[in-house]
Each structure stands twice: as C-alpha cells, then as structure tokens.
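Oh and the sequence shown: position 147 is 147 in full-length UniProt numbering, straight run, nothing missing. Ideal Cβ positions, reconstructed from N, Cα and C, are used throughout, including at glycine.
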Amino acid sequence: MSDRDQSLPSGVERRTFDERERLATQGLPVYGEPTDGDWRVWDAGRSKLGAMLELGMDTGLVGDETVLYLGAASGTTVSHVADFAGPTYAVEFAPRPVRDLVGVAEDRDNLFPLLKDARKPETYAHVVEADVDVLVQDVATRGQARVAARNAQFLRDDGRLLAAIKARSEDVTADPSDVFDDVVDELAEAFEILETTRLDRFHDDHLGVVARPK
Ligand SMILES: C[S@@+](CC[C@H](N)C(=O)[O-])C[C@H]1O[C@@H](n2cnc3c(N)ncnc32)[C@H](O)[C@@H]1O
C-alpha cells in the first residue's frame with residue numbers, strides 16, 4: 001500500500017475503472033458516475049474533498065466518523081462521505097438542491113439533510129449531535145473563514161476541519177494567493193492549521209485546508 005493509499009479512510013479505495021485508477025466508495029450511484037458492482041467512482045473533478053484525498057492530503061479521516069457537512073448542494077460529495085462515515089449531517093441553504101439531496105438521503109439512512117444557513121449554526125444546534133469528528137466545509141460564499149469559525153463549536157477537541165476555500169467567492173479580482181493568505185490567517189484565529197494544498201489540478205483557484213480546533 002502506498003503512502004497515498006494509507007491516507008484514505010476505510011471504505012474509500014483506489015480502483016480501476018476503464019483502465020484508470022480512481023477513488024471509489026460503495027453505495028448507490030448519484031450523479032451518473034461509473035460503477036463496478038457496488039463500487040462507484042468518486043470523481044475528484046466534481047468534489048473538492050475527493051480532490052483533497054486524491055492529492056494525498058492527510059485529512060485524518062479513518063472511516064465511520066460523525067460528520068457535519070456545510071454546503072452539501074445536491075449531494076455529490078456528501079453522498080460519498082455518507083458511504084464511508086457514520087452519522088452525516090448535511091447543511092444546505094438553497095431549497096432546489098436540497099430536494100435532490102433528500103432523494104440521495106432516501107438511500108442512505110445515516111445521511112440527514114438540513115435546509116439551513118451555515119452562518120446561523122444556532123438554527124441547527126438542537127439537531128446536530130455534539131462533538132462531531134469532522135467538519136467538512138464547501139460553501140463557496142464570501143466569509144468562508146467566518147462560517148468555519150462559527151461552526152467550530154460542533155467539533156470535538158481533536159476533530160478536523162476539512163475546508164475547500166474558493167478564492168473567487170471572497171474577491172473575484174484579487175490574486176488567489178493573497179485571498180488564501182487572508183482566509184488562512186482568519187481561520188488561524190479559531191483553528192490550528194495542519195495542512196494547506198492548492199487543488200488547482202482538479203479545481204481552479206481553490207485551496208484545501210486541514211485544521212483542528214485551538
Ligand atoms: C460549491 S457548492 C457545494 C458542492 C458540494 N459540496 C459538493 O461537492 O457536492 C456550494 C454550496 O454551498 C451552498 N451555500 C453557500 N452558502 C451557504 C450557507 N451560508 N449555508 C448553507 N449553504 C450554503 C450553496 O447553495 C451551494 O450549493
């Protein structure tokens with residue numbers, strides 16, 4: 001097993017599809033991804049968390065975690081998370097994608113869609129259990145560091161924040177490197193930053209961040 005494979009959680013494997021090694025999880029297909037038996041491709045080109053794993057970031061994921069996922073959209077990535085994790089709370093504030101997300105959750109009894117605004121954690125604090133292991137964030141909105149800081153309250157002491165930061169959501173004109181410096185500085189007020197990696201191979205002008213609460 002390579003170092004890259006050792007950083008994959010249990011339930012996520014590199015498997016061969018059409019002669020290419022791809023990340024895959026076991027579950028019902030969601031977005032037309034290729035399948036092989038009950039394995040389905042986790043397309044890193046359509047998933048920032050998939051890209052973070054594909055690029056070998058040390059996410060700390062081992063499998064079976066309790067997860068709070070912010071910015072679930074219609075469930076492309078969070079469906080893979082629910083395939084290998086334990087209880088997975090999926091927050092999304094746009095009603096249309098939540099309709100699809102509810103359909104995805106019908107096939108996964110550990111996936112709980114929440115039509116909520118991630119900037120207002122007090123509106124779902126009564127639903128999400130305390131001390132979650134992992135906070136995944138892909139909200140692609142202005143104030144991404146602030147959203148993460150507001151939701152740090154849900155994380156256990158040694159839990160992990162796995163965030164995808166989109167430069168253009170903060171400032172369309174600024175140099176992405178400058179935006180990332182600012183966002184990471186702000187994140188560092190609430191979190192200890194463990195690793196940052198540019199995701200450009202899969203997602204232009206995005207930064208992957210692994211951090212834990214201070
Ligand atoms: C880049 S998309 C997420 C893609 C998704 N994470 C995936 O990989 O399948 C960002 C999503 O965040 C949602 N979003 C933005 N701001 C939000 C907020 N404050 N609360 C909840 N969802 C938010 C948007 O509606 C959008 O669906």
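Per DSSP, the continuous beta strand (DSSP E) segment holding residue 88 begins and ends at 88-92.
The beta carbons of residue 145 and residue 183 sit closer together than 8 angstroms. Within its own chain, the residues whose Cβ lies closer than 7 angstroms to the Cβ of residue 194, once the five positions on either side in sequence are excluded, are 210, 211, 212, listed in chain order.
Nearest to residue 73 by C-alpha distance, out of 48, 86, 60, is 48. Burial check for residue 172: the Cβ neighbour count within 10 Å stays below 16, so the residue is exposed. Distances taken from the Cβ of residue 70 to the heavy atoms of ligand 1 include one shorter than 7 angstroms.
Within the DSSP bridge table, the entry for residue 115 names 92 as partners. By the beta-carbon neighbour count (other beta carbons within 10 angstroms, threshold 16), residue 66 is buried.
If you check the C-beta of residue 76 against ligand 1, you find a heavy atom less than 7 angstroms away. The stretch 123-141 makes contact with the stretch 85-95: 3 or more CB pairs, one atom from each, lie closer than 8 angstroms.
Scanning its chain for C-beta atoms nearer than 8 angstroms, with the 5 sequence neighbours on each side dropped, one finds around residue 205 the residues 166, 167, 168, 176, in chain order. The beta carbon of residue 197 sits closer than 8 angstroms to the beta carbons of 52, 55, 57, 207, 208 from its chain, once the five residues preceding and following it are set aside; these are given in chain order. The alpha-carbon separation between residue 118 and residue 50 amounts to approximately 21 angstroms.
For residue 86, same chain residues with a beta-carbon under 7 angstroms away, outside a window of 5 residues either side, are 64, 65, 66, 110 in chain order.
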